[in-house]
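Inspection log for the structure reproduced underneath, given as C-alpha cells.
2 protein chains.
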Amino acid sequence: MVRGEPFYQKIRSDIENKIKDGYYKQGEYLPSEAKLESLYKVSRTTVRNAVRSLVDDGYLTIVRGKGTKVTPSKLSASYPNLMSFTDVIQKQGIKSSVLKMKISQTFPTQEVAEKLDIDLDEKVYEIYRERAADDEPICIHVSFIPCKYLEGNDVSLIEKKQSLYKALEEDFNISIQTAQDNISAIGASSHVAKILNIEKGDPVLFIKRVAYDQNNVIVEYSEINIRGDRYSQMVTLRQRL
Amino acid sequence: MVRGEPFYQKIRSDIENKIKDGYYKQGEYLPSEAKLESLYKVSRTTVRNAVRSLVDDGYLTIVRGKGTKVTPSKLSASYPNLMSFTDVIQKQGIKSSVLKMKISQTFPTQEVAEKLDIDLDEKVYEIYRERAADDEPICIHVSFIPCKYLEGNDVSLIEKKQSLYKALEEDFNISIQTAQDNISAIGASSHVAKILNIEKGDPVLFIKRVAYDQNNVIVEYSEINIRGDRYSQMVTLRQRL
DNA sequence: TAGTGGTCTAGACCACGCT
DNA sequence: GCGTGGTCTAGACCACTAA
Chain A
1 MVRGEPFYQK IRSDIENKIK DGYYKQGEYL PSEAKLESLY KVSRTTVRNA
51 VRSLVDDGYL TIVRGKGTKV TPSKLSASYP NLMSFTDVIQ KQGIKSSVLK
101 MKISQTFPTQ EVAEKLDIDL DEKVYEIYRE RAADDEPICI HVSFIPCKYL
151 EGNDVSLIEK KQSLYKALEE DFNISIQTAQ DNISAIGASS HVAKILNIEK
201 GDPVLFIKRV AYDQNNVIVE YSEINIRGDR YSQMVTLRQR L
Chain B
242 MVRGEPFYQK IRSDIENKIK DGYYKQGEYL PSEAKLESLY KVSRTTVRNA
292 VRSLVDDGYL TIVRGKGTKV TPSKLSASYP NLMSFTDVIQ KQGIKSSVLK
342 MKISQTFPTQ EVAEKLDIDL DEKVYEIYRE RAADDEPICI HVSFIPCKYL
392 EGNDVSLIEK KQSLYKALEE DFNISIQTAQ DNISAIGASS HVAKILNIEK
442 GDPVLFIKRV AYDQNNVIVE YSEINIRGDR YSQMVTLRQR L
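Structure (C-alpha cells):
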C-alpha cells in the first residue's frame with residue numbers, strides 16, 4: 001500500500017507487542033497463518049514474511065504440522081547477536097560510562113592495516129576509550145576506522161555519544177551488520193593492569209574484532225581488553241542452514 | 242515438483258557450487274532475479290527463496306537497485322555461527338583429538354540443574370572430555386545432558402565419535418540449533434592447570450554454554466576451560482532485524 | 001528511463017502431526 | 001481426514017540506482 005513501512009513489518013511489530021504484553025504467552029500457539037491472513041487482511045506471503053522475521057529473531061518457533069508458537073525457552077529473544085558494549089552492559093542493568101576518550105588521526109600499524117585491508121599510508125582514526133561499569137574501570141577499547149569513511153561530518157560527534165556504533169549509524173550512515181570476533185584469554189600487561197586496577201598477569205578477556213557494514217565493507221578494527229573477573233561476554237550462536 | 246528436495250534448495254546448491262567453482266566470482270553480480278527465473282524455469286518466489294538463504298549464510302550480498310553479488314569480503318562464509326569445538330579446530334587445519342573421555346550418570350549440582358531447567362533429582366549424563374590440538378592438551382570440556390534425552394539408544398555411541406554434536410544428531414536425533422555462551426577469562430585452578438600443563442593462575446578462557454535443540458528445548462549445559470595462550474574463540478556476529 | 005530488488009496478491013498442491 | 005506449515009505459480013506495482 002502506501003505508508004513508509006511495509007505491511008509485514010507492521011504485522012511483525014503487532015505480534016511482537018502482543019508477545020511482550022502477554023497477549024500471546026510463552027509456549028502458546030499463534031492463530032494459524034490462514035487466520036492471520038484474514039485478521040490482517042493480507043495475503044499469506046505477507047503473513048509468512050512477518051512470521052519468518054520473528055522466527056529469525058527467536059521470538060517464534062514453528063512446529064511442523066502443528067503451528068507456530070511463542071518460543072518457550074529462557075533463551076531471551078532480546079539478546080540479538082550483535083550488540084555494542086554499551087548495549088550489553090545496560091541490558092544487565094549496570095550503569096556504563098566512558099571514563100576517558102581520545103580520538104586522533106594516525107597511520108595504521110602493520111596489523112591494523114591488514115585487518116582493515118588498507119595500505120600502510122592510509123590514515124585512520126584511532127578511537128581510544130576506557131570504560132567503566134558501575135564506576136569501576138572494566139574495559140579498554142581501541143578502535144581503528146579509516147578516515148575515508150568519516151569524511152564530511154564532524155568526528156567530534158562520536159565523543160558526544162556513549163556508543164560508537166550509534167554514532168556511526170546516526171551521523172555517518174554506517175550500520176555495522178556483521179562482526180568477526182576473535183576472543184582469547186591473556187594475562188594483563190602492566191599497562192593494562194594499571195588502568196583496570198588489577199595485577200599484572202591477571203586474566204583478561206582480549207577481543208580482536210573486525211566489523212563490516214551493510215555493504216560488507218570492513219569499516220572497523222578494534223582491540224578490547226576486559227577485566228576477566230568482572231565481566232563476561234554473552235554470545236548467542238545460531239545454527240545456520 | 243516431485244523429488245525429495247525443494248527447488249529452491251537445489252537452486253541454492255547450484256549457485257553455491259558456482260561460487261565455489263569460481264564461476265561466480267567474489268564481488269561479481271549474479272544474473273538478475275528475472276534471469277534466474279527463466280534460467281531455472283521457476284517463479285520469482287522460488288528464486289528469491291534460494292537467494293535469501295544464501296544471503297542469510299553470508300554468501301551473497303544484495304545491493305538495492307543494483308543487483309545481488311557474491312559477498313566481496315574476507316568474512317568467510319564458511320564460518321557458520323555455531324560450530325562444535327572439533328569443527329573449529331579442524332577448520333584451522335589442526336589435528337584435534339580426545340585425550341580422555343568419561344561418561345557417567347550422576348545427579349546435577351544446583352547450578353547444573355538450574356541451567357538445564359530440571360529438578361535436582363533428575364539424573365543427567367556427565368560427559369567429561371580432555372581435548373588436544375596437535376597433541377597438546379588444550380581444553381577440558383564437561384557436558385551435562387539429562388538422561389531422558391538419550392533414552393533408547395546406546396550412550397557409548399558418543400564415545401566412538403569425535404564430536405558430541407554429531408553423535409547427538411546422528412544417533413539421538415537431537416540437532417543443536419542455538420547456544421548461548423557466557424565467555425569469561427579466569428585464572429586456572431590448580432586442577433585445571435595440571436591437566437592443561439600450565440601454571441596455576443595462568444589465563445584460561447572459561448565458557449558456560451547452554452544449548453538448545455530444534456524445538457528450543459535445553460538439552461545440554463557445558464563448562465569449558467581452554468588454554469588462553471593456544472586457542473582463541475572465533476565468533477561471527479550478525480545484526481538481526 | 002530502464003533495470004534491479006522489495007513488497008504483495010490470490011490462488012494451488014504437498015508433507016506432516018494428530019485424532 | 002483435517003488442519004498446520006512448506007513450497008510454488010504468475011502475475012503486479014513500488015523504490016532505488018544508474019545512465
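Going down the list, the sequences are from chains A and B. This note's numbering applies: residue 1 is where the first sequence begins, and numbers increase by one. This note's numbering applies: residue 242 is where the second sequence begins, and numbers increase by one. The beta carbon of each residue, even a glycine, is placed where N, CA and C say it ideally should be. Note that the structure is predicted; figures quoted are calculated from it, not measured.
(request) Identify every residue that forms a DSSP beta bridge with Lys102 (chain A). (result) Paired residues: A:Tyr128.
(message) So, with DSSP's three-state summary, where would you put Glu122 (chain A)?
(response) Of the three classes helix, strand and coil, the one that applies to Glu122 (chain A) here is coil, per DSSP.
(message) Tell me which residues of the segment 180 to 205 of chain A have at least one Cβ-Cβ distance to chain B shorter than 8 Å, keeping chain order.
(response) Hits within the stretch, in order: Gln180, Asp181, Asn182, Ile183, Ser184, Ala185, Ile186, Gly187, Gly201, Asp202, Pro203, Val204, Leu205.
(request) Take the Cβ of Ser338 (chain B) as the centre, count every other Cβ of all protein chains shown within 10 Å, and call the residue buried at 16 or more, exposed below. (result) So Ser338 (chain B) counts as exposed.
(message) Strictly by DSSP, which residues pair up with Glu136 (chain A)?
(response) BP columns for Glu136 (chain A) point to A:Ala133.
(request) Let me know if Asn466 (chain B) comes out buried or exposed under the rule of 16 or more other beta-carbons within 10 Å of its beta-carbon. (result) The residue is buried, with at least 16 neighbouring Cβ atoms inside 10 Å.
(request) Determine the extent of the alpha helix (DSSP H) in which Ala286 (chain B) is found, giving its start and end residues. (result) Residue identity differs from the one stated: residue 286 (chain B) is Thr in this sequence, not Ala. Thr286 (chain B) -> alpha helix (DSSP H) spans 285 to 297.
(request) Report the rounded CA-to-CA distance for Leu62 (chain A) versus Tyr128 (chain A), giving the unit in angstroms. (result) The sequence as given places Ile at residue 62 (chain A); Leu does not occur at that position. Going from the Cα of Ile62 (chain A) to the Cα of Tyr128 (chain A) covers about 44 Å.
(request) Using alpha carbons as the reference points, say which of A:Glu223, A:Gln214, A:Val219 lies closest to Leu301 (chain B). (result) Answer by Cα proximity: A:Gln214.
(request) Go to Leu280 (chain B), then tell me how far its alpha helix (DSSP H) extends in each direction, as first and last residue. (result) Counting along the chain, the alpha helix (DSSP H) containing Leu280 (chain B) begins and ends at 274 to 281.
(message) So Tyr462 (chain B) and Leu357 (chain B) are supposed to be a Cβ contact under 8 Å. How far apart are they, rounded?
(response) Confirmed, about 5 Å.
(request) Using a Cβ cut-off of 7 Å, pull out every chain A residue sitting near Thr312 (chain B), in sequence order please. (result) Taking a Cβ-Cβ cut-off of 7 Å, the neighbours of Thr312 (chain B) in chain A comprise Asn216, given in sequence order.
(message) Could you check whether the segment 104 to 124 of chain A touches the segment 170 to 181 of chain A, counting it as contact only if at least three pairs of C-beta atoms, one from each stretch, sit closer than 8 Å?
(response) The segment 104 to 124 of chain A makes no contact with the segment 170 to 181 of chain A: fewer than 3 CB pairs, one atom from each, lie closer than 8 Å.
(request) Starting from Leu409 (chain B), trace the alpha helix (DSSP H) both ways and give me its first and last residue. (result) For Leu409 (chain B), the enclosing alpha helix (DSSP H) begins and ends at 405 to 413.
(request) Compare the Cα-Cα distances from Glu464 (chain B) to each of B:Glu440, B:Asn457, B:Ile427, B:Lys435 and report the closest residue. (result) Among B:Glu440, B:Asn457, B:Ile427, B:Lys435, the Cα nearest to that of Glu464 (chain B) is on B:Ile427.
(request) Report the neighbours of Val304 (chain B) on chain A: residues whose CB is nearer than 8 Å to its CB, in chain order. (result) Those within 8 Å of Val304 (chain B) in chain A are Asn215.
(request) Could you round the C-beta distance between Glu299 (chain A) and Val47 (chain A) to whole angstroms and report it? I think they count as a contact, below 8 Å. (result) Nothing in the structure corresponds to residue 299 (chain A), since chain A is present only between 1 and 241.
(message) For Tyr281 (chain B) and Glu269 (chain B), what's the separation of their Cα atoms in angstroms?
(response) For Tyr281 (chain B) and Glu269 (chain B), the distance between alpha carbons rounds to 20 Å.
(request) Kindly list the residues whose CB is nearer than 7 Å to the CB of Pro387 (chain B), restricted to its own chain and excluding five residues on each side of it in sequence; keep chain order. (result) Around Pro387 (chain B), the same chain offers Leu357, Ile359, Glu363, Val365 as residues with beta carbons nearer than 7 Å, after the five sequence neighbours per side are excluded.
(message) Let me see if you follow: with CB-CB separation under 8 Å, is Gly469 (chain B) close to chain A or not?
(response) Yes - at least one Cβ of chain A is within 8 Å of the one on Gly469 (chain B).
(message) Relative to the C-alpha of Thr309 (chain B), which candidate in B:Gln267, B:Leu398, B:Thr286 has its C-alpha closest?
(response) Among B:Gln267, B:Leu398, B:Thr286, the Cα nearest to that of Thr309 (chain B) is on B:Gln267.
(request) Please classify Phe385 (chain B): is it buried, with 16 or more other beta-carbons within 10 angstroms of its beta-carbon, or exposed? (result) Under the 10 Å beta carbon count, Phe385 (chain B) is surrounded by 16 or more other beta carbons and is classified as buried.
(message) Below 8 Å on the Cβ atoms is my contact criterion, and I expect Glu371 (chain B) with Thr347 (chain B) to pass it. Report the Cβ-Cβ distance as a whole number of Å.
(response) In this structure Glu371 (chain B) is not in contact with Thr347 (chain B), their Cβ atoms being roughly 18 Å apart against a cut-off of 8 Å.
(message) Is the beta carbon of Val311 (chain B) closer than 8 Å to that of Tyr249 (chain B)?
(response) The answer is no: Cβ separation not under 8 Å.
(request) Take the Cβ of Ser78 (chain A) as the centre, count every other Cβ of all protein chains shown within 10 Å, and call the residue buried at 16 or more, exposed below. (result) Any reading at Ser78 (chain A) needs caution, since the residue's pLDDT is 48, under 50, leaving its predicted position unreliable; the model's value is listed next. Ser78 (chain A) is exposed by the Cβ-count criterion.
(message) So, with DSSP's three-state summary, where would you put Ser431 (chain B)?
(response) It is helical.
(message) Determine whether the beta carbon atoms of Ile103 (chain A) and Glu159 (chain A) lie at a separation below 8 Å.
(response) In this structure, Glu159 (chain A) lies closer than 8 Å to Ile103 (chain A) by Cβ.
(request) Would you tell me roughly how many angstroms separate the C-alpha atoms of Asp443 (chain B) and Met101 (chain A), rounded to the nearest one? (result) Computed Cα separation, rounded: 30 Å.
(request) Output the distance between the C-alpha atoms of Arg227 (chain A) and Ser189 (chain A), rounded to the nearest integer angstrom. (result) Near 12 Å, if we compare the C-alpha coordinates of Ser189 (chain A) and Arg227 (chain A).
(request) Would you mind stating whether Val192 (chain A) and Ile140 (chain A) have Cβ atoms separated by less than 8 Å? (result) Result yes, Cβ atoms of Val192 (chain A) and Ile140 (chain A) sit closer than 8 Å.
(message) Within a Cβ cutoff of 7 Å, which residues of the same chain sit near Leu295 (chain B), ignoring the five residues on either side of it in sequence?
(response) For Leu295 (chain B), where only same-chain residues beyond five positions count, the Cβ hits under 7 Å are Arg253, Ile256, Glu257, Leu301.
(message) Within a Cβ cutoff of 6 Å, which residues of the same chain sit near Lys95 (chain A), ignoring the five residues on either side of it in sequence?
(response) So the qualifying residues of the chain are Asp134.
(message) Once the 5 residues before and after Ile183 (chain A) are set aside, which same chain residues still bring their CB inside 6 Å of it?
(response) Apart from the 5 residues on each side of it in sequence, Ile183 (chain A) sits with its Cβ closer than 6 Å to the Cβ of Ile207 in its chain, given in chain order.
(message) Assuming Tyr29 (chain A) is part of the beta strand (DSSP E), what are its boundary residues?
(response) Membership of Tyr29 (chain A) in any beta strand (DSSP E) is not indicated, and neither H nor E is assigned to it by DSSP.
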